[in-house]
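This report refers to the structure that appears directly beneath it.
Numbering (the numbering used here), first residue to last: 3 to 274.
In C-alpha cells, the structure reads:
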C-alpha cells in the first residue's frame, strides 16, 4: 500500500512541478486565457456581453469559426488577415495571447501548480486586461477592479501571504498614495480625476502590503515619468493613464520584490 502511495506522490510531483507536458498544458491554458482577455478588452468598455454573441470579425461582423479562433496559431496561419473578408487582424490579439502564455508558463516554472501560481496568475492577467483598457479608453472598469478585490480576499482566506493587519495597512497606503496623485493632478489641471486609479491602488495595497506596495508605486511613478518625458519630446499632450504603470509595477514586485527590498535596505544601511 505504501508503495502505491509513494508512486502517486511521485506522479503528482511530476505533474505539478517540472513536467514538460504540464508546462505545455499550462502555456496553452495561458494562451486561451489571453484569448478571453482579448474578448474582455474589446467588449467590456463598449458595454457588450462577454458571453453572447460568439466571436465575430470586427470588420464585417461575420461569425468566426472555432478553427479560425485558435490562440496565436490562427493569426499565423491566416497571415494576419481575416478569413471571411481579408481585413487585417490587429497584432494586439496574438501579442496579448503570447504575454498570457508567458505569464502562466514562467509562473508554473517558478511555482508549480500551487495556490501562489493560481492567484498570482489570475492577478497578472487581470492587470494585463486593465492596462490595455486604460491605455485605450482611459478607464479602469469597476467590475475588473472588483474582480481583483475578490481574488485578493480569496487569496487571504485560502493561502495567506501576509496578515490581515498588513493587508489593511497596505489598503490605507494605496488610498493615500493614489489620493495624493489625484490632488497633484487637480493642482495641475484644475479637475479631480483618477478615481479608477484610487480604487485599483487601494486593492493593490491590500494585496501586496505596505512595503511591497511602496516599491510598486515607485516603479509605476518612475516609469510613468519616463513615458511622460518621451511623450512631451514628441509634442504629445495626451494624459498619461496610470493603469499600465500600476501593472508594470505589480509585475516587477511579483518577480523581483524580495530582491528589490534587500537592495533598498542595503542602500538605507549604507546611508547610515
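Just so it is clear, CB atoms sit at the ideal spot from N, CA and C, and this is done for glycine as well. Computed from a predicted structure; not experimentally measured.
Note that the C-beta distance between residue 25 and residue 111 is below 9 Å.
Under DSSP, residue 83 shares a beta bridge with 90.
For a cut-off of 8 Å, the C-beta gap from residue 142 to residue 132 is around 6 Å, short enough to register as a contact. Contact annotation: residue 119 and residue 137 have beta-carbon atoms that are not nearer than 9 Å.
By the neighbour-count definition (other C-beta atoms within 10 Å, threshold 16), residue 228 is an exposed residue. Taking every protein chain shown into account, the CB of residue 32 has 16 or more other CB atoms within 10 angstroms, so this residue is buried. Going by DSSP, residue 223 is part of the alpha helix (DSSP H) stretching over 197-235. Under the three-state reduction of DSSP, residue 22 is assigned to helix. Shown here, residue 143 sits in coil according to DSSP, grouped into three states, outside any helix or strand.
In this structure residue 251 is buried. Its beta-carbon is surrounded by 16 or more other beta-carbon atoms within 10 angstroms.
Between the C-alpha atoms of residue 94 and residue 42 there is a straight-line separation of about 13 Å.
Around residue 146, the same chain offers 132 as residues with beta carbons nearer than 6 Å, after the five sequence neighbours per side are excluded.
Within a 10 Å sphere around the beta-carbon of residue 64 sit fewer than 16 other beta-carbons, which makes this residue exposed. Inter-residue distance for residue 256 and residue 56 is about 34 Å (C-alpha atoms, whole angstroms).
Cα atoms of residue 234 and residue 243: separation of roughly 15 Å, rounded to the nearest angstrom. The DSSP-derived three-state label of residue 64 is coil. Restricting attention to 117, 134, 183 and 182, the CA atom closest to the CA of residue 97 is found in 134.
Here residue 49 is exposed. Its C-beta has fewer than 16 other C-beta atoms within 10 Å.
Separation of the CB atoms of residue 168 and residue 212 is rounded to 7 Å, and the pair is thereby assigned contact status at 8 Å. Of the residues 92, 174, 203 and 247, the one whose Cα lies closest to the Cα of residue 44 is 92. Check the Cα spacing between residue 139 and each of 157, 236 and 46: the tightest is with 46. In the displayed model, residue 45 falls within a helix according to three-state DSSP. Bridge pairing for residue 58: 65 [DSSP].
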